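Protein chains: 2
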Amino acid sequence: MGIQERKTRHKEDLRKRILEAAKKLFVTAGYEATSIRKIAQEIEFSPTTIYLYYKDKSDIIYALHQEGFSMLRQDFQPLMEVESPFERLKAIGKCYLRFGLKHPDFYEVMFMMKDPMHYLQIHCVDGAWEEGERVFDFLLQTVRDCQEVGYFKGLDTVQVAVQAWSSVHGLCSLYVSGHLRNMMEVILNNDEQEAMVEKAFRVFVHYLESTK
Amino acid sequence: MGIQERKTRHKEDLRKRILEAAKKLFVTAGYEATSIRKIAQEIEFSPTTIYLYYKDKSDIIYALHQEGFSMLRQDFQPLMEVESPFERLKAIGKCYLRFGLKHPDFYEVMFMMKDPMHYLQIHCVDGAWEEGERVFDFLLQTVRDCQEVGYFKGLDTVQVAVQAWSSVHGLCSLYVSGHLRNMMEVILNNDEQEAMVEKAFRVFVHYLESTK
DNA sequence: TGCATAGGTTAACACTGTTCTTTAAATTTG
DNA sequence: CAAATTTAAAGAACAGTGTTAACCTATGCA
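Taken in order, these protein sequences are the chains called F and R.
Numbering of the first sequence is given in the numbering used here, commencing with residue 963 and proceeding in unit increments.
Numbering of the second sequence is given in the numbering used here, commencing with residue 963 and proceeding in unit increments.
Dropping the structure here:
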């Protein structure tokens, strides 16, 4: 079965090359500029060939969506070792924030665009958005751990987790969409924006600290 | 100058009709489905006519963006009368949240889409995003008032305001984008989602209350 | 009456995602 | 080995998008 193997390997390879090309266009020029035809041009194949490897465009976007989540989970990996629950919670927030600022394009696909979520709902992927849930479970468990050492007393674990997620997501998405820049009467440059995000995060952390 | 007047009135009228048609398509079928050609079909004019009244599509989107802000400001109007600063702050949050849940399409254009912000940056509209700034100023002043009666002690006004905005925006945008629905392992229906948003908001309010 | 001008339309360009049909090569079978 | 079959890839085309240049055509004015 050496021939068969080589063929499937080639096929897997091309599938990967398509995704790499998509990612390259996506990261350098954004979602809008990532068209099937441009991806095809990048890998020097016909546009129609792409449809032999991906069902449609949203399938490709979803693949990038998944890749983003595996990146984020990788960033989270070392934080699992943090002993103190509250330190871990703060580290998660900081890490999430840094991810959003560092990979705005990925952040957009992962947490802002409706298409990938719609794709999940339509295609009913088994274990729908497993990656996302795993990330949220990590947050959920950390909140629970925090409660065990005296934080968030009398509050519901899920509600606290959703609220915490919303807060950091709010900062990330306002940064990514450019609303933070424009809302301030003084227009901020990139560094000032990042500093603003950082400071607002610290205010939030201050709130959390006083729940103990 | 009765004739001239009639003409300019007609012109203003058509401009308004274009926007009304755009809004109708936009609210009923979403942004994606709102094309220049469909707007034209709606008002029974040629697609190119639209370009005599709006520079391009982003110009129309920006007009909707502005309309959304005037709607939000109208919702905020009665809150200016609320005497207690902290009650006012809570009311602003609740009102903002309700707006997001009630008008998800407008919320998307106003606070999530990059295009209108990009439009502002490109076309350098004088008093760039005046409407947005006015809304933010209202929040800013309310935070300042809260500080005067003992809340947010030792914290920076702008940072507190940005953080508060981020928190409610985070909830709204996760709801609008469908991420809240999909992140929970148990898939929520619309009512349950809204309840979740409400509860997470209350957790946040709880944090703010304990800053006094 | 002739001319200029504004309002509107037609045709076209350069794109987009996607599908149907066709070609060409590789593989399996007789 | 030759014929038949499967398979990967591509070409052409459809229906749609935003946008522009060229062309009417009816009105207002000299």
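A virtual CB, placed ideally from N, CA and C, is assigned to each residue, including glycine.
As the structure is a computational prediction, the values presented were derived from the model and not from experiment.
Asked: Kindly indicate which three-state DSSP category residue 1065(F) falls into: helix, strand or coil?; Found: coil
Asked: Which runs of the beta strand (DSSP E) spanning at least 3 residues fall entirely within the region 993-1061 of chain F, listed in chain order?; Found: none
Asked: Applying a beta-carbon distance threshold of less than 7 Å, which residues of chain R neighbour residue 1162(F)?; Found: 1121, 1124, 1125 and 1128
Asked: Apart from the five residues just before and just after residue 1170(R), which ones in its own chain have a Cβ nearer than 6 Å to its Cβ?; Found: none
Asked: Look up residue 1072(R) in the DSSP assignment and say whether it is helix, strand or coil.; Found: helix
Asked: Residues in its own chain within less than 7 Å of residue 1050(R) by CB, not counting five upstream and five downstream?; Found: 1041, 1044 and 1104
Asked: Extract the residue ranges of the alpha helix (DSSP H) inside the region 1079-1127 of chain F, only unbroken runs of 4 or more that lie entirely within it.; Found: 1092-1110
Asked: Residues in the region 1135-1148 of chain F with C-beta within 7 Å of chain R's C-beta atoms, listed in sequence order?; Found: 1135, 1136, 1139, 1140, 1141, 1144, 1145 and 1147
Asked: At what residues does the alpha helix (DSSP H) containing residue 1145(F) begin and finish?; Found: 1141-1145
Asked: For residue 1098(R), go through chain F and note every residue whose CB falls closer than 7 Å to its CB, in chain order.; Found: 1145
Asked: Anything in chain R within Cβ reach of residue 1166(F), meaning under 9 Å, just list it in chain order.; Found: 1125, 1128, 1129 and 1169
Asked: Considering only residues of the same chain and omitting the five flanking positions on each side of residue 1078(F), which have a CB-CB separation below 8 Å?; Found: 1020, 1023, 1024, 1027, 1071 and 1072
Asked: If distances are taken between C-alpha atoms only, which option among 1080(R), 1146(R) and 1063(R) comes closest to residue 1163(R)?; Found: 1063(R)
Asked: If we cut at 8 Å on Cβ distances, does residue 964(R) have a partner in chain F?; Found: The pLDDT assigned to residue 964(R) is 44, lower than 50, so where the model puts this residue is not dependable; a value taken from the coordinates is nonetheless given after this. It does not: the Cβ of residue 964(R) has no partner Cβ on chain F nearer than 8 Å.
Asked: Taking Cβ-Cβ distances shorter than 8 Å, what residues in chain R pair up with residue 1064(F)?; Found: Result: empty, since nearest Cβ-Cβ is about 18 Å, beyond 8 Å.
Asked: Shorter than 8 Å from the beta carbon of residue 1073(R) to some beta carbon of chain F?; Found: yes
Asked: Is the distance from the Cβ of residue 980(R) to the Cβ of residue 1013(R) below 8 Å?; Found: no
Asked: Can you check which of these residues, 1174(R), 1055(R) and 1008(R), is closest to residue 1100(R) by C-alpha distance?; Found: 1055(R)
Asked: So which of 1091(F), 1174(F) and 1098(F) has the shortest CA-CA distance to residue 1038(F)?; Found: 1098(F)
Asked: From this set, 1075(R), 1036(R), 1145(R) and 1153(R), which residue's C-alpha is nearest residue 1057(R)'s C-alpha?; Found: 1036(R)
Asked: Please state the DSSP three-state secondary structure of residue 963(F).; Found: Unreliable positioning characterises residue 963(F) in this predicted model, as indicated by a pLDDT of 37, which lies under 50. A coordinate reading is not provided.
Asked: Does the CB of residue 1112(R) have a neighbour CB from chain F at under 8 Å?; Found: no
Asked: Would a check of beta-carbon distances place residue 1010(R) closer than 8 Å to chain F?; Found: no
Asked: On the premise that residue 1094(F) lies in contact with residue 1166(F), defined as a C-beta separation below 8 Å, what is that separation, rounded to the nearest angstrom?; Found: With a Cβ gap of about 22 Å, residue 1166(F) and residue 1094(F) do not count as contacting.
Asked: Would you kindly work out how many angstroms separate the C-alpha atoms of residue 1029(F) and residue 1002(F), rounded to a whole number?; Found: 20 Å
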